[in-house]
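For my numbering, count along the sequence shown from 1 and bump the result up by 438.
Ideal placement from N, C-alpha and C gives every residue a C-beta, glycine not left out.
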Amino acid sequence: MKYAIVPILIMCLTACHVKTKQANKRGLEYMKQNRYEQAVAEFNDILQEDAYWLPAYYNRAIALANTQQYKKALEDFNYVLAHYPDHADAYFNRGIVYENLGLYANAIQDYTETIRLRPGFIQAYHYRGIARFRMLDLDGALQDYNRALELGRNLQIDLSAAKALGLNSSALYFNRGAVFQKKGDYESAIADYTETIRIDPSSAKAYYNRGIAKLSLSQGQEAASDLEIASRLGYEPAKQALAKYFGD
């Protein structure tokens, strides 16, 4: 699974040259428009003028990651962290890059460092939970998802409208549901998939997973209903499940 890397924190030094600021601003505007190659070109120009300007490395890393140039992005994040070791957002975004590369242990280390530097960083708990799930650390993943949801409640966040914080809360409930399902706690899984659907009624995977969980509890009629909805939403595995479990 790949995750968009966004400029959570854009570094700009007040003493930087006007030309550099303008180029940096153009690069950020390109990123807002998803024109990442043009953004990279702007940050390259900055670094040709000043090879030590950290904001350009950080911003270029984000642009590179969004074009799946993960190894180059890692080089830039590594440079930033070598000179600015307390940059929580750089650790977080580097963790996403590691996760996209399948280097889950590295990703977990970076998310853990992010949390050490910023204990209330909800996304870091969520993403670390995903990496732990990938490594079959179900208890660790569940702990992280629970903590992310707890932080959201403590901040009095409406988790159904949490995009302002960059938190995909429907994915958070869905992912926790997947952990419960993997652990055989089907009732808890169903509850989380139901919450996912409440937040995002178009989530075909949530209907599908809830249907499969209901099958495990011998709730055949309700399972069929969920699988039919997932099928209508275009989720092919749901069609296959309907044929397998409810076909003639």
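Span of the alpha helix (DSSP H), counted from its first residue to its last, around residue i
i: Gly567; result: Ile560 to Arg572
i: Ala642; result: Ala642 to Ser654
i: Gly533; result: Ala526 to Asn538
i: Gln581; result: Leu576 to Asn592
i: Leu680; result: Glu674 to Phe684
i: Gly615; result: Ser607 to Lys620
i: Thr505; result: Neither: Thr505 is in no alpha helix (DSSP H) and is coded neither H nor E.
i: Ala489; result: From DSSP, Ala489 is part of no alpha helix (DSSP H); its letter is neither H nor E.
i: Gln471; result: Note, Gln471: premise wrong, no alpha helix (DSSP H); not H, not E.
i: Leu541; result: Counting along the chain, Leu541 falls outside any alpha helix (DSSP H), and DSSP gives it neither H nor E.
i: Arg636; result: Tyr624 to Ile637
Neighbourhood of residue i by C-beta, 8 Å cutoff - its chain only, sequence neighbours within 5 removed
i: Ala599; result: Any reading at Ala599 must be qualified, since the residue scores a pLDDT of 46, below 50, and its modelled position is unreliable; no value is offered.
i: Val518; result: Leu492, Tyr495, Tyr496, Ala499, His525 and Ala528
i: Tyr583; result: Tyr563, His564, Gly567, Leu610, Asn613, Arg614 and Val617
i: Thr505; result: Tyr474, Glu475 and Val478
i: Ile635; result: Ser641, Ala644, Tyr645 and Arg648
i: His455; result: Glu487 and Asp488
Backbone secondary structure at residue i - three-state DSSP
i: Pro445; result: At Pro445 the pLDDT is 49, less than 50, meaning the model places this residue with poor confidence; the figure from the coordinates comes in the next sentence. Reduced to three states, the DSSP call for Pro445 is coil.
i: Ala520; result: helix
i: Lys457; result: helix
i: Phe515; result: helix
i: Ile667; result: helix
i: Asp548; result: helix
i: Arg556; result: coil
i: Gln657; result: coil
i: Gly604; result: Any reading at Gly604 needs caution, since the residue's pLDDT is 45, under 50, leaving its predicted position unreliable; the model's value is listed next. Three-state result, Gly604: coil.
i: Ala599; result: Per-residue confidence for Ala599 stands at a pLDDT of 46, beneath the threshold of 50, marking its modelled position as unreliable; no derived number is given.
Same chain, Cβ closer than 6 Å to residue i, neighbours up to 5 away in sequence not counted
i: Ala477; result: Gly465, Tyr468, Met469 and Ala501
i: Ala676; result: Tyr646, Leu665, Ala668 and Ser669
i: Gln486; result: none
i: Arg572; result: Tyr542
i: Tyr631; result: Gly615, Ala644, Asn647 and Arg648
i: Leu671; result: Ala642
i: Gly533; result: Ala545, Asp548 and Tyr549
i: Ala661; result: Gly649, Lys652 and Leu653
i: Glu537; result: Ala545 and Ala569
i: Leu580; result: Val617
i: Thr552; result: Ala526, Tyr529, Phe530, Phe559 and Ala562
i: Arg585; result: Tyr563
Own chain partners of residue i with C-beta closer than 7 Å, once the 5 adjacent residues on each side are dropped
i: Ile484; result: Thr458, Ala461, Asn462, Trp491 and Ala494
i: Gly578; result: Arg570
i: Arg591; result: none
i: His521; result: Leu492
i: Glu633; result: Tyr611
i: Phe684; result: Ala662
i: Ala602; result: At Ala602 the pLDDT is 42, less than 50, meaning the model places this residue with poor confidence; the figure from the coordinates comes in the next sentence. Taken in chain order, the list of residues that qualify is empty.
i: Lys620; result: Leu576
Expected contact under 8 Å - CB spacing of residue i and residue j to nearest Å
i: Ile637; j: Ser607; result: 6 Å
i: Asp514; j: Phe530; result: That pair is no contact at about 14 Å.
i: Tyr624; j: Ser654; result: 5 Å
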